[in-house]
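Residues in the sequence shown are numbered consecutively from 1, following full-length UniProt numbering.
Glycine included, C-beta positions come from ideal geometry on N, C-alpha and C.
Computed from a predicted structure; not experimentally measured.
Remarks on the structure that follows.
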Amino acid sequence: MSITAIKGFNDILPTESERWQYIEQAARRVFELNGFSEIRVPIMEKTELFCRSIGDATDIVEKEMYTFTDKGDNSITLRPEGTASVMRAFIEHKLYAQDPVAKLYYLGPMFRYERPQKGRYRQFHQIGAEITGVNAPLADAQVLNMLVQFFREIGLDEPSLQINSLGCPECRPAYRAALVAFLEERLDRLCEDCKRRFTTNPLRTLDCKVPGCVEATAGAPSMLDHLCGDCSDHFASVKRYLDSTATPYNINPRMVRGLDYYTRTTFELVTSLLGSQSAVAAGGRYDGLISQLGGPAIPGIGFAIGFERVALLLGDKDFSRQPDLFIATMGAGERDFAFRLMHELLQSGVRVEMDYEGKSLKSQMRRADKLGARYSVVIGENEVTSGKASFKRMEDGEQIEVPLKCADIVNMTA
Ligand code: ATP
Ligand code: MG
């Protein structure tokens, strides 16, 4: 029996990979425009890093991590997300010493042991960005605007921005207590997971998708009514800045994120087109994370975009690239000539294909069609002697007489 890939791990095949490159290039363009630099971090970390940052009582740490013991008896984990690694690197290399304000972006595979389905895989990919060192709500608005700009750049305006505030260590405990009191009376209506969350991580019950839990928690107290003065001002300013740039958003007081490090502003970009895999991008502020990981007390905010979900939203738009020119040849001598011409054209940036093996003319023309070449040309003895050939524009069949010279062909295909 032949060997197949691991369940939930996907190959990204050609044409799909071109869609991915389109997304990746747009992200790099927008992020770099906004002053972000790429950081590349390893895909494995000490398990402890994720337990300490994401939190022991989160779904990710409790049941989704790929954790192994290596040959040296160390517990290592395939990263389930990027922020923890980026902040580990930020602290380890003392990037804050040069400048506490760092704008970093990353992209690459993440790993979570989840039930594979459309838009949810065990190896998936994220593009994320982080700003450290700025408390001001302007940074929150800037990060959100950049995220929205990215979606516009790739031609999507459907995912809509939802924002919330999760408060801070000052005001969240009182909210948590109010929520626990509310949930206590409805405990028997909650699913098994939420009964457990009730003690370990009660805010997560608001995020549960089980209909019974959604019903039971309708009318639950809202964090937004419990924000302390500073958090409340901060949230108001974020909204004001978004209004000032006409960035559309909805306030979703039930949005709690699945990672413990979030404080204050949290957000998601949600779509109605992917069923329960509705979050295409998500993030928030993490003012305590860097110090919690042993670094200085520097705040941060960031997000991660789910690559696979963005690719699904782009639908069946074709991102594959077609050759500019297909060169067909009559015989071996012309094939040598064509090979040199192709080499020159490639050096000049013209996308050229030719027949390598001396196939029949008919089969060469079939290949030109199949590849979707914009132009084709047949080179025989006459063409080589006269130094001219008739190029066929494939879309309308028009024949164009052009010298068989690199510069002339470059001009024609430009
Ligand atoms: P969900 O609620 O869908 O499980 P999440 O809250 O776990 O998402 P985050 O940890 O915030 O997601 O990750 C940010 C983004 O990464 C998500 O919005 C989503 O687009 C993507 N993502 C998360 N988990 C997966 C997965 N298993 N497969 C594909 N994409 C994923
Ligand atoms: Mg999840």
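Delimiting residues of the alpha helix (DSSP H) encompassing SER386: 381-386
For the ligand ATP, I want to know if GLN126 counts as a neighbour, meaning its beta carbon is within less than 6 Å of at least one of the ligand's heavy atoms. yes
Looking at C-alpha atoms only, which residue of GLN142, ASP225 and CYS51 is the closest neighbour of VAL134? GLN142
Mind the definition here: the stretch 297-314 touches the stretch 142-157 only if three or more C-beta pairs lie below 8 Å; say whether that holds. yes
Can you tell me whether GLU268 is buried or exposed, with buried defined as 16 or more other CB within 10 angstroms of its CB? buried
Is it buried or exposed for GLY333, if we count other Cβ within 10 angstroms and need 16 for buried? exposed
Is TYR105 close to the ligand ATP? I mean its beta-carbon at under 6 Å from any heavy atom of the ligand. no
Can you tell me which of LEU312, GLN123, GLU353 and ALA5 puts its alpha carbon nearest to the alpha carbon of GLN277? LEU312
Quick check on MET365: does DSSP put it in helix, strand or coil? helix
Using alpha carbons as the reference points, say which of ASN250, THR132, ARG374 and PHE31 lies closest to ASP396. ARG374
List the endpoints of the continuous beta strand (DSSP E) containing SER160. 160-165
For VAL101, which of GLU130, ASP70, SER272 and VAL410 has the nearest alpha-carbon? GLU130
Nearest-angstrom Cα distance between PHE319 and ARG19? 5 Å
For the candidate residues GLU308, ASP260 and ILE409, whose alpha-carbon lies nearest to that of TYR121? GLU308
Could you give the residue range of the beta strand (DSSP E) that holds LEU104? 103-111
Anticipated Cβ contact below 8 Å, MET330 with ILE409, distance rounded: With 8 Å as the limit, MET330 and ILE409 do not qualify as a contact, their Cβ atoms being about 18 Å apart.
Measure the Cβ-Cβ separation of LEU361 and VAL352 and say whether it is below 7 Å. no
For ASP369 and ARG197, the rounded distance between their alpha carbons: 59 Å
Give a single yes or no on whether ARG204 has its beta carbon closer than 6 Å to a heavy atom of the ligand ATP. no
Taking the beta strand (DSSP E) that PRO80 belongs to, which residues open and close that run? PRO80 -> no beta strand (DSSP E), and no H or E assigned at all.
Measure how close the beta-carbons of ARG367 and PHE326 come, nearest whole angstrom, since I'm counting them as under 8 Å. 7 Å
Evaluate ASP260 with the Cβ neighbour count: other Cβ atoms within 10 Å of its Cβ, from every protein chain shown; 16 or more gives buried, anything less gives exposed. buried
Give the straight-line distance between the Cα atoms of PHE90 and ASP99, rounded to the nearest whole angstrom. 11 Å
Which listed residue (SER237, TYR175 and THR263) has its alpha carbon closest to that of ASP225: TYR175
Should GLY258 be listed as close to the ligand ATP, given that the test is whether its C-beta is under 6 Å from any heavy atom? yes
Bridge-paired residues (DSSP) for SER376: PHE326 and LYS392
MET146: first and last residue of the uninterrupted alpha helix (DSSP H) it sits in: 137-153
Determine the DSSP secondary structure at ASN250, reduced to helix, strand or coil. strand
So, do the stretch 241-261 and the stretch 161-171 have three or more beta carbon pairs nearer to each other than 8 Å? yes
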